[in-house]
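Q: First residue of the sequence shown? That's 0 in numbering that gives the first Met the number 0, and the numbers climb one at a time after it. Note that CB positions come from ideal geometry on N, CA and C, so glycine has one too. Computed from a prediction, not measured in an experiment: that's the story for all the values here. One structure, pasted below without further comment.
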Amino acid sequence: MTAETPMLERQQHRESEPRGRFLYALNPLAKIAAPVPAMLALLAVRDLQTPAAFLALAYAVIFAGTRLSARMLAILLLAVPAFLLLIGIGISLWTDASRISHDVVVLQLGSWILYGEALEVGFATALRLGAILTLALIGGLTTTGPDLTRSMIQQLRVPYRVGYTALAAFRFVPRFGHELEVIRAAHRVRGASHGRGPIAAVRRRIGYIVPLLAGAIRHAERVALSMDSRAFGAYPYRTERYRIPFRARDVVFIALFWIVTAAIFLAFRPWA
């Protein structure tokens, strides 16, 4: 490896990032730290306005700071509102009638009555859930596992043995999916069928367990040998391919997000 290689890799890493979207240029830890206070505080609120405001804030940051695919646009604009509507109605129907006010009747079908406060409780819970999940997408949509691991190692001083071992274990998951497809194809080619119906499907899945475990053991052994051959863990520090710095814009983003978070809580006073 020449002295220019790390510089070239950093350049390629920067060029691979989508341009014109500020979230991609931020440190992964900044994108996680900014919404965490709001996510934790939302667990304790019970009004409609506060989670609705944070849901709107999360949408604004995501649309301004990321480059969304058509599928993600459909999820955010169609699937999420439909999910919140269903969750809100469902919780409203299951709300204990003895714990709500019976002053406002929204819908009455025979002896069954839907009260306004029950509807408010249901949609407040749905909006709170939607706001927390959407705030989590601020970092989730623009951060990769390797970059987050490098940030934790570089800024939080997490031991690299822990960080990269966890990352290697996480990467087992997609490999298991590939192994499963290979095993299924092999069973189809060999005509190893257990019949049709739910019982046969369960028997087939049980038959996948042993080859999956064997493949996992082989893969773990290869990873362990590869790490040992590279002297992984032999030294207290590891030289990174490229650094992920924590810059002034990361501090500005966190500060602005926290200021907006405090302003929302001061404006609606959900605990007053």
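How many Å lie between I74 and R229 at the Cα?
A: As a working note, residue 74 is residue 75 in the sequence shown. As a working note, residue 229 is residue 230 in the sequence shown. Roughly 43 Å between the two C-alpha positions.
Q: Is the separation between the beta-carbon of I88 and that of A117 shorter than 8 Å?
A: Position 89 of the sequence shown, counted from the start, is the residue given in the question as residue 88. Position 118 of the sequence shown, counted from the start, is the residue given in the question as residue 117. Not in contact: I88 and A117 (Cβ atoms no closer than 8 Å).
Q: Based on the DSSP secondary-structure assignment, which residues constitute the bridge partners of Y236?
A: On the sequence shown, residue 236 is found 237 positions in, with the first residue counted as 1. Paired residue(s): none; Y236 is not in a bridge.
Q: For a test of the three-state rule: what should DSSP assign to Y241, helix, strand or coil?
A: By 1-based counting over the sequence shown, the position of residue 241 is 242. DSSP places Y241 in coil when its eight states are reduced to three.
Q: Is F252 near L47, with beta carbons less than 8 Å apart?
A: Taking the first residue of the sequence shown as 1, we reach residue 252 at position 253. Taking the first residue of the sequence shown as 1, we reach residue 47 at position 48. Not closer than 8 Å, so no.
Q: By a C-beta neighbour count over all protein chains shown, 10 Å radius and 16 as the cutoff for buried, is V188 buried or exposed?
A: Along the sequence shown, read from residue 1 onward, the residue named residue 188 stands at position 189. Counting Cβ neighbours within 10 Å, V188 comes out exposed, since fewer than 16 surround it.
Q: Report the three-state DSSP secondary structure of L47 (helix, strand or coil).
A: As a position in the sequence shown, residue 47 is number 48, starting the count at 1. In this structure, L47 counts as coil in the three-state DSSP scheme.
Q: What does the alpha-carbon distance come out to for the pair F267 and Q154?
A: Stepping through the sequence shown from its first residue, residue 267 is reached at position 268. Stepping through the sequence shown from its first residue, residue 154 is reached at position 155. Approximately 35 Å, taken between the alpha carbons.
Q: Looking at C-beta atoms only, is the number of pairs between the segment 147-162 and the segment 243-252 that lie closer than 8 Å three or more?
A: The segment 147-162 is in contact with the segment 243-252.
Q: With DSSP as the reference, label L113 as helix, strand or coil.
A: Here residue 113 is taken as the residue at index 114 of the sequence shown, counted from 1. Reduced to three states, the DSSP call for L113 is strand.
Q: My assumption, with CB atoms under 8 Å, is that L136 sits in contact with A57. Please give the rounded CB distance.
A: Position 137 of the sequence shown holds residue 136. Position 58 of the sequence shown holds residue 57. With 8 Å as the limit, L136 and A57 qualify as a contact, their Cβ atoms being about 7 Å apart.
Q: Counting only the same chain and skipping the five closest in sequence on each side, list residues whose C-beta sits under 7 Å from that of P36.
A: As a working mapping, residue 36 is identified with position 37 in the sequence shown. These residues qualify, in order along the chain: W257 and T260.
Q: For L278, which beta-bridge partners are listed by DSSP?
A: Shown here, the chain extends from 0 to 271; a query on residue 278 therefore has no answer.
Q: Sort L77, R170 and K30 by Cα distance to V60 and report the nearest one.
A: Mapped onto the sequence shown, residue 60 falls at position 61. Ranking L77, R170 and K30 by Cα distance to V60 puts K30 first.
Q: Just mark G176 as buried or exposed, buried being the case when its beta carbon has 16 or more other beta carbons within 10 Å.
A: Position 177 of the sequence shown, counted from the first residue, corresponds to residue 176. Flag for G176 reads exposed.
Q: Measure the C-alpha to C-alpha separation of R204 and L179 and round it to an integer number of angstroms.
A: Within the sequence shown, the letter at position 205 stands for residue 204. Within the sequence shown, the letter at position 180 stands for residue 179. One C-alpha to the other measures close to 10 Å.
Q: Once the 5 residues before and after A254 are set aside, which same chain residues still bring their CB inside 8 Å of it?
A: As a position in the sequence shown, residue 254 is number 255, starting the count at 1. So no residue of the chain qualifies.
Q: Pop quiz: T141 and Y23 are said to be a contact at Cβ under 8 Å. What is the actual Cβ separation, rounded to whole angstroms?
A: Numbered from its first residue, the sequence shown carries residue 141 at position 142. Numbered from its first residue, the sequence shown carries residue 23 at position 24. The Cβ separation is near 5 Å, so the contact holds.
Q: Count the other CB atoms, across all protein chains shown, that sit within 10 Å of the CB of G144; report buried if there are 16 or more and exposed otherwise.
A: Counting from one through the sequence shown, the residue named residue 144 turns up at place 145. Counting Cβ neighbours within 10 Å, G144 comes out exposed, since fewer than 16 surround it.
Q: If you draw a straight line from the alpha carbon of T65 to that of A223, how long is it in whole angstroms?
A: The sequence position of residue 65 within the sequence shown is 66, counting from 1. The sequence position of residue 223 within the sequence shown is 224, counting from 1. If you take the alpha carbons of T65 and A223, they lie about 37 Å apart.
Q: Measuring only the C-alpha atoms, how far is D146 from A130?
A: The residue labelled residue 146 in the question sits at position 147 within the sequence shown. The residue labelled residue 130 in the question sits at position 131 within the sequence shown. Taking the straight line from one Cα to the other gives about 25 Å.
Q: So, under 8 Å CB-CB, I182 and L211 are touching, yes? Tell me the CB distance rounded to an integer number of Å.
A: For the purposes of this step, residue 182 is identified with residue 183 of the sequence shown, where counting begins at 1. For the purposes of this step, residue 211 is identified with residue 212 of the sequence shown, where counting begins at 1. 7 Å between Cβ atoms; contact.
Q: To the nearest angstrom, report how far apart T94 and A55 are at their CA atoms.
A: On the sequence shown, residue 94 is found 95 positions in, with the first residue counted as 1. On the sequence shown, residue 55 is found 56 positions in, with the first residue counted as 1. Their backbone Cα atoms lie some 26 Å apart in a straight line.
Q: In three-state DSSP terms, what is L25?
A: Position 26 of the sequence shown holds residue 25. Coil at L25, not helix or strand.
Q: For my contact list, P27 and G138 are in at a C-beta cut-off of 8 Å; report their separation, rounded to the angstrom.
A: Numbered from its first residue, the sequence shown carries residue 27 at position 28. Numbered from its first residue, the sequence shown carries residue 138 at position 139. Confirmed, Cβ separation roughly 7 Å.
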